[in-house]
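Residue numbers (the UniProt record's numbering): 1 to 118.
Set out below in structure tokens:
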């Protein structure tokens, strides 16, 4: 289940984002959370597992008029082999239809694979 980020989820969000290679340091994580909060078109979402009721993934996006830029996607390593990233992208695409999902240099390959398998 996709859940919008709120301040109560800061620690778990930081933990999930820390799986992103360039977001290992606490200072960098805090700057990234601040960056998302600075503009209305930037949004963080958490994925809550229905099986465990825990947050197991995070998505960071920028909402534009014609597309959604997926800036970050990070999944708890224990859940990575379950196709969870594709489920997150499916739900995100449905939420923002008819806008297209696009990726950054880092997220682009995953988005491209998702497009070909959807």
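C-beta atoms are modelled at their ideal positions from N, C-alpha and C, and glycine is treated no differently.
Could you have a look at residue i and say whether DSSP puts it in helix, strand or coil?
i, result
"residue 127", "With the chain covering only 1 through 118, there is no way to say anything about residue 127."
"residue 91", "helix"
"residue 39", "coil"
Buried or exposed: where does residue i fall if 16 or more other Cβ atoms within 10 Å of its Cβ makes it buried?
i, result
"residue 52", "exposed"
"residue 97", "exposed"
"residue 85", "buried"
"residue 105", "exposed"
Considering only C-alpha positions, which residue in the set the options is nearest to residue i?
i, options, result
"residue 102", "75, 11, 95 and 63", "63"
"residue 2", "43, 37, 65 and 38", "43"
"residue 8", "55, 22 and 27", "55"
"residue 75", "58, 68 and 90", "58"
Which same chain residues end up closer than 6 Å to residue i when comparing Cβ atoms and leaving out the 5 residues on each side of it in sequence?
i, result
"residue 14", "29"
"residue 48", "1, 3 and 55"
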